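Engineer:
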Amino acid sequence: MNHGLDDNYFIVPDEETGAIHFDSVRFRQILDLAEKYGGRPEGAAPGNSLLEGKTLCNSLEILKPEDVAAYRLIYGEEVKYIGYPTKDGGTHYMSPSGMLSIRRSATKEEKEAAAAFLALYLSYEGQLHAAKDINYNLSVRRDVLEEQITSMRSQWHMFYFGDIDIGDNMDIERDKETLLNIIDRAKPESSFPKELWNIISEEREQYMSGSITKDMLIEHLENRIELYLGETN
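Residue numbering for the sequence shown follows the working numbering, beginning at 4 and increasing consecutively.
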């Protein structure tokens with residue numbers, strides 16, 4: 004329910020002043036749910052709880068084309084990927100498996116070397132070679148991604164589900180359509196800045212421990228986040 008300052012469920016911006024408010028019905032609903040369920044040690048991992056009707060939905064990652072085929076086998080042919088709740092409706096998100104950076108003080112030669120490396124890595128040959136590694140995920144190149152899909156394996160292992168034998172249930176064209184449709188509709192993942200999350204976490208912990216009341220929590224958050232935004236804008 005949090006996709007950054009511009010799209011989240013519990014912060015209500017003032018349309019006239021631009022100030023943010025936590026004292027909303029939605030934020031108080033979330034606090035009530037946190038009190039009711041937040042202390043439970045067990046989570047709702049993907050799997051049978053959804054199939055048994057005990058869970059509303061599962062949050063799933065697609066790291067390889069084989070994952071789509073496996074989910075279809077596990078959840079059934081009518082499995083639906085609805086996306087996360089956002090202000091624009093259900094939305095899928097893309098998240099990088101790693102980040103590359105170069106220091107601001109890099110020399111011209113160093114920047115040229117970095118650019119040459121990226122050009123090589125993002126080339127067809129570079130991506131095709133990288134995709135052969137078992138730890139490599141989905142290629143950012145459509146041509147290489149389609150080759151990954153075409154060469155899907157029928158034997159697969161998934162974190163929550165163990166070994167999966169897709170076997171005669173392989174349907175590459177159907178799974179290709181599903182995966183490409185998700186990717187085409189997906190947006191880059193976003194969230195609050197780390198410093199902002201730290202503020203919310205600190206105040207939330209005090210509230211959950213009983214050190215402060217709900218009204219005090221809301222007041223603290225509004226004051227501290229307004230100060231944070233004022234310093235960063």
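Each residue gets a CB set at the ideal place from its N, CA and C atoms; glycine is no exception. Quick caveat, the model's predicted, so the values are computed rather than measured.
Pick from Trp-159, Asn-11, Ser-108: whose alpha carbon is nearest that of Asp-91?
Structural biologist: The sequence position of residue 91 within the sequence shown is 88, counting from 1. Per the Cα distances, Asn-11.
Engineer: According to DSSP, Thr-94 sits in a beta bridge with which residue or residues?
Structural biologist: Counted from its first residue, the sequence shown places residue 94 at position 91. Partner(s): Tyr-87.
Engineer: Name the one or two DSSP bridge partners that Ile-23 has.
Structural biologist: Position 20 of the sequence shown, counting from 1, holds the residue named residue 23. Ile-23 pairs with Pro-16.
Engineer: When DSSP labels each residue in this structure, what does His-6 get in the three-state scheme?
Structural biologist: For the purposes of this step, residue 6 is taken as the residue at position 3 of the sequence shown. In this structure, His-6 counts as coil in the three-state DSSP scheme.
Engineer: If you draw a straight line from the alpha carbon of Lys-179 to that of Ser-62, how long is it in whole angstroms?
Structural biologist: Stepping through the sequence shown from its first residue, residue 179 is reached at position 176. Stepping through the sequence shown from its first residue, residue 62 is reached at position 59. Those two C-alpha atoms are separated by around 20 angstroms.
Engineer: Could you check which residue in Ile-65, Arg-156, His-160, Leu-199 has the C-alpha nearest to that of His-6?
Structural biologist: Walking along the sequence shown from the start, residue 6 turns up at place 3. Answer by Cα proximity: Leu-199.
Engineer: Starting from His-160, follow its DSSP beta bridges and name the residues at the other end.
Structural biologist: Numbered from its first residue, the sequence shown carries residue 160 at position 157. Paired residues: Asp-166.
Engineer: CB Met-155 to CB Ala-72, shorter than 8 angstroms?
Structural biologist: As a working mapping, residue 155 is identified with position 152 in the sequence shown. As a working mapping, residue 72 is identified with position 69 in the sequence shown. Going by C-beta atoms, Met-155 is nearer than 8 angstroms to Ala-72.
Engineer: Which residues does DSSP pair with Asp-191 in a beta bridge?
Structural biologist: For the purposes of this step, residue 191 is taken as the residue at position 188 of the sequence shown. The question names Asp, but residue 191 is Pro in the sequence shown. Met-97, per the DSSP bridge assignment.
Engineer: Would you say Asp-70 and Met-173 are within 8 angstroms of each other, going by their C-beta atoms?
Structural biologist: Counting from 1 along the sequence shown, the entry for residue 70 is found at position 67. Counting from 1 along the sequence shown, the entry for residue 173 is found at position 170. Not a contact, by the Cβ cut-off of 8 angstroms.
Engineer: Assuming contact is defined by CB atoms lying nearer than 8 angstroms, are Ile-33 and Cys-60 in contact in what I supplied?
Structural biologist: For the purposes of this step, residue 33 is taken as residue 30 along the sequence shown, with counting starting at 1. For the purposes of this step, residue 60 is taken as residue 57 along the sequence shown, with counting starting at 1. No, the pair does not count as a contact, with Cβ atoms beyond the cut-off.
Engineer: Could you round the C-beta distance between Ile-105 and Ala-122 to whole angstroms and report it? I think they count as a contact, below 8 angstroms.
Structural biologist: Within the sequence shown, numbered from 1, the residue matching residue 105 stands at position 102. Within the sequence shown, numbered from 1, the residue matching residue 122 stands at position 119. Incorrect: roughly 14 angstroms between the Cβ atoms, too far for contact.
Engineer: Compute the beta-carbon to beta-carbon distance between Ile-175 and Thr-153, rounded to the nearest angstrom, for a pair I have assumed lies under 8 angstroms.
Structural biologist: Position 172 of the sequence shown holds residue 175. Position 150 of the sequence shown holds residue 153. 6 angstroms between Cβ atoms; contact.
Engineer: So what does Asn-11 bridge to, in DSSP terms?
Structural biologist: Residue mapping note: residue 11 aligns to position 8 of the sequence shown, counting from 1. Per DSSP, Asn-5.
Engineer: Do Ser-142 and Gln-151 count as a contact pair if the criterion is CB distance below 8 angstroms?
Structural biologist: Residue 151 sits at position 148 when you count from the first residue of the sequence shown. Residue 142 sits at position 139 when you count from the first residue of the sequence shown. Yes.
Engineer: Over the uninterrupted alpha helix (DSSP H) stretch that includes Val-28, give me the two end residues.
Structural biologist: The sequence position of residue 28 within the sequence shown is 25, counting from 1. 28-40 is the extent of the alpha helix (DSSP H) around Val-28.
Engineer: Considering only C-alpha positions, which residue in the set Ala-22, Lys-39, Val-15 is nearest to Arg-29?
Structural biologist: In the sequence shown, residue 29 corresponds to position 26, counting from 1. When each option's Cα is compared against that of Arg-29, the closest is Val-15.
Engineer: Alpha carbon to alpha carbon, how far is Met-219 from Phe-13?
Structural biologist: Walking along the sequence shown from the start, residue 219 turns up at place 216. Walking along the sequence shown from the start, residue 13 turns up at place 10. Going from the Cα of Met-219 to the Cα of Phe-13 covers about 16 angstroms.
Engineer: Quick check: what's the CA-CA separation for Thr-89 versus Lys-217?
Structural biologist: Here the question's residue 89 lines up with position 86 in the sequence shown. Here the question's residue 217 lines up with position 214 in the sequence shown. Distance between the alpha carbons of Thr-89 and Lys-217: 25 angstroms.
Engineer: So, Arg-145 versus Tyr-127, is the Cβ gap smaller than 8 angstroms?
Structural biologist: Locating residue 145 in the sequence shown gives position 142, where the first residue counts as 1. Locating residue 127 in the sequence shown gives position 124, where the first residue counts as 1. It is not a contact, given that the beta carbons lie outside the stated cut-off.
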